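*Asks:* So that we are looking at the same thing, I have put the structure below in structure tokens.
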Amino acid sequence: MSQRRSKLKSAAEALADIPDGAKVLAAGVHLSNTPMALVRQLVRQGTKSLEIIPTPATGLWVDMLIAAGAVSKLYVSYVGLEFLGLAPNFRRAAQEKTLQIVDVDEPTIFHGLRAAASGLPFVAFPPFHLTTDLPRTSPDIYKEIIDPFTGKPAVAIPPLCPDVCLVHVARADIYGNGVSLGGRHMEDVITKASRRVILSAEEIVDNAEICRHPTHTTIPGVLVDSVVHAPFGAYPGACPGVYGYDRPHLLEYNELAKQNKTREYLDRYVHAQADEAMMLKAIGAQRLEALRNYG
Amino acid sequence: MSQRRSKLKSAAEALADIPDGAKVLAAGVHLSNTPMALVRQLVRQGTKSLEIIPTPATGLWVDMLIAAGAVSKLYVSYVGLEFLGLAPNFRRAAQEKTLQIVDVDEPTIFHGLRAAASGLPFVAFPPFHLTTDLPRTSPDIYKEIIDPFTGKPAVAIPPLCPDVCLVHVARADIYGNGVSLGGRHMEDVITKASRRVILSAEEIVDNAEICRHPTHTTIPGVLVDSVVHAPFGAYPGACPGVYGYDRPHLLEYNELAKQNKTREYLDRYVHAQADEAMMLKAIGAQRLEALRNYG
Amino acid sequence: MDFSTAELMAVTISQELRDNDFTAVGTASHIPLCGIRLAQRTHAPNLWFVYGGSGALNSKARQLVEMAADFRNLEGAEYRTPLQDIIDFEFTGRFTCLFLGGMQIDQYGSMNMVAIGDPAGKHIRGPGTVGLAFTSTIPRTLVYMQHHDPRLFVRKVDFVSGRGHDGGERLASYRQPWCKGPTWVITPLATMDFETPDRRMRLRSVHPGHTVEEVRDQTGFDLAVTGPVPTTEAPSPERLKIIREIDVDGVLRR
Amino acid sequence: MDFSTAELMAVTISQELRDNDFTAVGTASHIPLCGIRLAQRTHAPNLWFVYGGSGALNSKARQLVEMAADFRNLEGAEYRTPLQDIIDFEFTGRFTCLFLGGMQIDQYGSMNMVAIGDPAGKHIRGPGTVGLAFTSTIPRTLVYMQHHDPRLFVRKVDFVSGRGHDGGERLASYRQPWCKGPTWVITPLATMDFETPDRRMRLRSVHPGHTVEEVRDQTGFDLAVTGPVPTTEAPSPERLKIIREIDVDGVLRR
Chain A
271 MSQRRSKLKS AAEALADIPD GAKVLAAGVH LSNTPMALVR QLVRQGTKSL
321 EIIPTPATGL WVDMLIAAGA VSKLYVSYVG LEFLGLAPNF RRAAQEKTLQ
371 IVDVDEPTIF HGLRAAASGL PFVAFPPFHL TTDLPRTSPD IYKEIIDPFT
421 GKPAVAIPPL CPDVCLVHVA RADIYGNGVS LGGRHMEDVI TKASRRVILS
471 AEEIVDNAEI CRHPTHTTIP GVLVDSVVHA PFGAYPGACP GVYGYDRPHL
521 LEYNELAKQN KTREYLDRYV HAQADEAMML KAIGAQRLEA LRNYG
Chain B
271 MSQRRSKLKS AAEALADIPD GAKVLAAGVH LSNTPMALVR QLVRQGTKSL
321 EIIPTPATGL WVDMLIAAGA VSKLYVSYVG LEFLGLAPNF RRAAQEKTLQ
371 IVDVDEPTIF HGLRAAASGL PFVAFPPFHL TTDLPRTSPD IYKEIIDPFT
421 GKPAVAIPPL CPDVCLVHVA RADIYGNGVS LGGRHMEDVI TKASRRVILS
471 AEEIVDNAEI CRHPTHTTIP GVLVDSVVHA PFGAYPGACP GVYGYDRPHL
521 LEYNELAKQN KTREYLDRYV HAQADEAMML KAIGAQRLEA LRNYG
Chain C
1060 MDFSTAELMA VTISQELRDN DFTAVGTASH IPLCGIRLAQ RTHAPNLWFV
1110 YGGSGALNSK ARQLVEMAAD FRNLEGAEYR TPLQDIIDFE FTGRFTCLFL
1160 GGMQIDQYGS MNMVAIGDPA GKHIRGPGTV GLAFTSTIPR TLVYMQHHDP
1210 RLFVRKVDFV SGRGHDGGER LASYRQPWCK GPTWVITPLA TMDFETPDRR
1260 MRLRSVHPGH TVEEVRDQTG FDLAVTGPVP TTEAPSPERL KIIREIDVDG
1310 VLRR
Chain D
1060 MDFSTAELMA VTISQELRDN DFTAVGTASH IPLCGIRLAQ RTHAPNLWFV
1110 YGGSGALNSK ARQLVEMAAD FRNLEGAEYR TPLQDIIDFE FTGRFTCLFL
1160 GGMQIDQYGS MNMVAIGDPA GKHIRGPGTV GLAFTSTIPR TLVYMQHHDP
1210 RLFVRKVDFV SGRGHDGGER LASYRQPWCK GPTWVITPLA TMDFETPDRR
1260 MRLRSVHPGH TVEEVRDQTG FDLAVTGPVP TTEAPSPERL KIIREIDVDG
1310 VLRR
């Protein structure tokens, strides 16, 4: 009898074979549950020319990868830093045209991923996008078609298929079963839409613990390729039910980014730290633990 | 300051204005979480000419409504009695052509309801249904189209929009927030796809109890029109986490149905009982309580 | 009783909401959020709302947090709304109204969040369209602008992220049938609607301490005025009291 | 060691499954279910499976229940799979194999669950197509038939609920690219495959106590036989022991 295989790996091992040019999606909404430890590892290993399919409302990880020179193409619904305002490196790159931007919107990203998750060739929308400028500037995404049942106009949008997605949760077992304490946002759709799924978790728990509450599992392990143990893996963002975001650290990021000095930030917190354990040490245990007293 | 309105009603009140000819869906999978108390009330009040959109795997409630003479049109993916075999009244009606049958399948019902839930004009499938006889016998459902992005063949299916859906859960508050203990099957899609939602619950709980665990709520009250307190509301089927099915009672149903005597069954358990409280009394408290010792 | 402009706006918003409305707020929405929760506690106890990326349905969070996606907003909520539901509620018009805004809005209520200038040439980049296309699906779009000046209120937006009333018959036919488009606008200076025969933005009320002239000066197009313009009603002490119970840390008074 | 036909079938099924397979069973599937769980406990510890309408992923239920949708199957499961996921796994070929069957199967593996006879005229009605169309999306369709007689194994099905290998080039082009169609059949008499040049059903092994002649007699078309037909391997005592731990109430021995 053979043994069940563990999917547990280091971040470096899990991300090692993401090639330059890959289509990448990091899950999360705004500063909540974004897999920042995995994103920092992408920066460390110097992956280039990524095509970024972000979630419909996100920013920090995209802005950081742009500053690291890792992005060549970007779908945009909302890229910003939420209460901190615009994402400075994104804005700069857009204005200086150093990356290709495909303007879409929230339902287009969502339904494009859902089409990939569901194996549908395209999605038919009611025609309301035709009232906007999006079909004019993104003609490869919005095609006017005719509804074969009613003869009325409709809009077709294509599936969006990430090569790899990065997802962060509170708990996971070594087989990839993950539990997000704040419920699901769209991780179910994202993990099914992606060819490969890399899951980071605050805590690795026994499979028996997962099996006690199967209805609490938010990501089934069958979809997951690698599991990475990443305490404070959403830092400096929040991990629902575990810790809040680090406001001063986010302000520091934003200030440097506005001054076009994100390189300094990356040198200090990413490149100078060989891995996430060292990164967390640099931030300081006391400061991190304080984030758990949240709300 | 006005008060928040309770949606709690008797089954008779909740179902009173379902007109003859309505498109009706009762949720649940096979003999699990089917809103039988609400279905029995439909039989009691003699609603006619219903167009039934069942879930992809169901039977008992459909078979019962057919025997009651309440059905004029039926979409079919699987209509049967699971481990008991075929649904006798369905089979008889199909063979004698006393109702209109639209043969579809599991993904067609699911995606048709999802299109209604999502406000999509139609759904594009890969063309694999063209390998079956379904497009030939259900030409209004399956239309061959061309994918505007690839030029390849695809199949369009229309939204399926119930006028009313009936859903059973373990717990609900008076505002319609419902909790199913066995997790979601497709109640999220069903409740969004339907114009009206009537929810029955084993137990009515305080809103404060719902608010303690918002991630456990499986149906948000905003979608619900009426809440019916229905202990053993899934009987003789099972309510996940609360009680199992009544096997001898199901066998009794099946035997009578096979002999084309479902009228006798309905007279005894539905028409002779003015409401569900009397129905449960007729079954007997001891017998019902024994179903809770399940597993 | 003394009140801030933000508090005035929140109370005014609450009065624009109806019992049985179903709505949602996104980022940077403290003011609409307070308006919504005030409405729930006064004339609209059957109003439902989703609190941004947290997915909280009918949040009763004890404090105003700065991020709508903050999981603390799930406190006292009745459901954790996944994005799937939110988008379905938008497409199908189940949300009866939404609070939307932009980096530009024009005289017909079209809004822009993509770029000021030509996105193919020299421009100032915005965060992206997000949900502005829903001005053509949501029954009532309530426009909430944090500022009121001629750079925001322009004759014609540089990019249509969400369409107002200037589409003509063809574009109107692309709207969902239940959709009325932008119906109402609130800024720190005034409230406006689109109740002219050609659906242009019209001044409806001016906030206490401001004048019609000032509002028109701060608007980059000819803002319609039909008849006398009333002053926006000042918040009652009862409503202010409730607002300050919701905004316990005084965020709206900063 | 003594064993029942059902136990033999379960063990034979387990050997057809591979490590890393991802599969599911529906109604009336005790035998495949036991085969799957046996495979997990022997050569395929990385196999995943969904247990019918209960949505249980990798159920470890202590007893065999008679309804796949029974919530008791959630015991020891790792996830509650909603129907959304199941259908997505079917469309995208994430399920590597599925157990399907029908009220008729023909010599090319096409299956029928709708009607025997003409559904527009005189016929015997079946329960409906359910998931049989997935023979054109799932990498390997494993056919599981509870009986083997000429009324089930027919030359040509009366209604194609799920297509086998008789579609020609045009129909083959409608299949998902990763799909091999029906690859294997098991009945109480024998196992079969479609390994002839024209993809017709071929006898692969005959269960102990049965003969090639008997199987061909019970088949309503000319069942291909290429070379000598081996006897299906009898279950080892180790495998039978595990099967009886899974089937603690002896359902497969009834």
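Protein chains in written order, with the working numbering: chain A, 271 to 565; chain B, 271 to 565; chain C, 1060 to 1313; chain D, 1060 to 1313. Virtual Cβ for every residue (Gly too), placed ideally from N, Cα, C. Every value quoted in this text rests on a predicted model; they were computed, and no experiment measured them.
For chain D, find out if any of its Cβ atoms is closer than 8 Å to the Cβ of A/T304; answer yes or no.
*Replies:* No, its Cβ sits nowhere closer than 8 Å to a Cβ of chain D.
*Asks:* Helix, strand or coil for D/Y1203, going by three-state DSSP, please let me know.
*Replies:* Three-state DSSP puts D/Y1203 in a strand.
*Asks:* Taking only beta-carbon atoms, is A/K462 less than 8 Å away from chain D?
*Replies:* Closer than 8 Å to some Cβ of chain D, the Cβ of A/K462 qualifies, so yes.
*Asks:* Contact between the segment 1178 to 1191 of chain D and the segment 415 to 424 of chain B is defined here as three or more beta-carbon pairs at a separation below 8 Å; is this criterion met?
*Replies:* The answer is no - the segment 415 to 424 of chain B does not touch the segment 1178 to 1191 of chain D, with fewer than three Cβ pairs under 8 Å.
*Asks:* Would you report the Cα separation of A/P305 and D/I1302, rounded to the nearest angstrom?
*Replies:* Cα-Cα distance, rounded: 42 Å.
*Asks:* How is A/H438 classed by DSSP in three states: helix, strand or coil?
*Replies:* Correct three-state label for A/H438: strand.
*Asks:* Rounded to whole angstroms, what's the CA-CA distance from D/T1086 to B/P326? Just pull it up for me.
*Replies:* Computed Cα separation, rounded: 13 Å.
*Asks:* Which runs of the beta strand (DSSP E), 3 residues or longer, sit entirely within the segment 1156 to 1201 of chain C?
*Replies:* The qualifying runs are 1156 to 1159, 1163 to 1165, 1174 to 1176 and 1182 to 1184.
*Asks:* Going by DSSP, name the residue or residues bridged to A/K413.
*Replies:* DSSP output for A/K413 lists A/A426 as bridge partner(s).
*Asks:* Is the segment 311 to 321 of chain A in contact with the segment 512 to 526 of chain A, if contact means three or more CB pairs nearer than 8 Å?
*Replies:* No: fewer than three Cβ pairs fall under 8 Å.
*Asks:* Using a cut-off of 9 Å between C-beta atoms, extract the partners of A/V497 located in chain C.
*Replies:* Within 9 Å Cβ-Cβ: nothing; A/V497 doesn't reach chain C, min ~22 Å.
*Asks:* Quick one: list the residues of chain C neighbouring B/S272, beta-carbon separation under 9 Å, in chain order.
*Replies:* Chain C residues near B/S272: D1078, T1101, H1102, A1103, P1104 and N1105.
*Asks:* With a threshold of 8 Å between beta carbons, is C/F1150 in contact with chain A?
*Replies:* Answer yes: the Cβ-Cβ gap between C/F1150 and chain A drops below 8 Å somewhere.
*Asks:* In the DSSP assignment, find the unbroken beta strand (DSSP E) run with D/K1119 in it and report its ends.
*Replies:* It is not in any beta strand (DSSP E) - D/K1119 carries neither H nor E in the DSSP assignment.
*Asks:* Is D/S1073 helix, strand or coil when you go by DSSP?
*Replies:* D/S1073 falls in the helix class under three-state DSSP.
*Asks:* Given A/T328, which residues of its chain have a CB within under 8 Å of its CB, disregarding the five upstream and five downstream residues?
*Replies:* A296, G298, V299, H300, T304, Y348 and V349.
*Asks:* Just to check my reading of the structure: B/G448 and B/V434 have Cβ atoms closer than 8 Å, yes? What is that Cβ distance to the nearest angstrom?
*Replies:* The Cβ separation is near 16 Å, so there is no contact.
*Asks:* Measuring CA to CA, which of B/A292, B/H541 and B/V393 is closest to A/A385?
*Replies:* Among B/A292, B/H541 and B/V393, the Cα nearest to that of A/A385 belongs to B/V393.
*Asks:* Please go through the segment 1248 to 1283 of chain D and give each complete beta strand (DSSP E) segment of 3 or more residues, from N-terminal end onward.
*Replies:* For the segment 1248 to 1283 of chain D, whole beta strand (DSSP E) runs of length 3 or above, ordered along the chain, are 1249 to 1252 and 1261 to 1265.
*Asks:* For B/K261, is the classification buried or exposed, using 16 other Cβ atoms within 10 angstroms of its Cβ as the cut-off for buried?
*Replies:* There is simply no residue 261 of chain B to check, as chain B begins at 271 and stops at 565 in what is shown.
*Asks:* Consider the Cβ of B/P326: report whether some Cβ of chain A lies at a distance smaller than 8 Å.
*Replies:* Taking Cβ atoms only, chain A never reaches closer than 8 Å to B/P326, which makes this a no.
*Asks:* Suppose contacts are defined by Cβ-Cβ distances below 8 Å. Is D/N1105 in contact with D/D1078 by that definition?
*Replies:* Against a cut-off of 8 Å, the Cβ pair of D/D1078 and D/N1105 comes out as a contact.
*Asks:* Less than 8 Å between the beta carbons of A/I411 and A/V467, yes or no?
*Replies:* Cβ atoms of A/I411 and A/V467: not closer than 8 Å.
*Asks:* Looking at chain D, is there any beta carbon in it that lies within less than 8 Å of the beta carbon of A/P391?
*Replies:* Output row for A/P391: interface = no.
*Asks:* Quick check: C/E1137 and C/F1193, are their CB atoms within less than 8 Å of each other?
*Replies:* Contact flag unset, no.
*Asks:* So is D/M1172 buried or exposed if we call it buried at 16+ other beta carbons inside 10 Å?
*Replies:* Buried is the call here.
*Asks:* Are the beta-carbon atoms belonging to B/S464 and B/P501 less than 8 Å from one another?
*Replies:* The answer is no: Cβ separation not under 8 Å.
*Asks:* What residues in the segment 479 to 492 of chain B bring their beta carbon closer than 7 Å to a beta carbon of chain C?
*Replies:* Cβ contacts with chain C come from I480, C481, P484, T485, T487, P490, G491 and V492.
*Asks:* Chain B partners of A/K413, CB-CB under 8 Å?
*Replies:* In chain order: P418 and F419.
*Asks:* Under 8 Å between the Cβ atoms of D/S1264 and D/T1242?
*Replies:* No, the pair does not count as a contact, with Cβ atoms beyond the cut-off.
*Asks:* For a cutoff of 8 Å on Cβ pairs, would you count C/E1066 as touching chain A?
*Replies:* Chain A contact via Cβ: absent.
*Asks:* Are at least three pairs of beta-carbons, each pair with one atom in the segment 1093 to 1109 of chain D and one in the segment 1207 to 1214 of chain D, less than 8 Å apart?
*Replies:* Because the criterion of three Cβ pairs below 8 Å is not met, the segment 1093 to 1109 of chain D and the segment 1207 to 1214 of chain D do not touch.
*Asks:* Among the residues of its own chain, which have a CB less than 6 Å from the CB of D/T1246, if the five just before and after it don't count?
*Replies:* Contacts found: M1204 and H1207.
*Asks:* Inspect the beta-carbon positions of A/V346 and A/W331 and report whether they are closer than 8 Å.
*Replies:* No, the pair does not count as a contact, with Cβ atoms beyond the cut-off.
*Asks:* Identify which residue in C/A1249, C/R1229 and C/L1092 has its Cα closest to the Cα of C/L1157.
*Replies:* Of the candidates C/A1249, C/R1229 and C/L1092, the one whose C-alpha sits nearest the C-alpha of C/L1157 is C/L1092.
*Asks:* How is C/V1310 classed by DSSP in three states: helix, strand or coil?
*Replies:* Helix.
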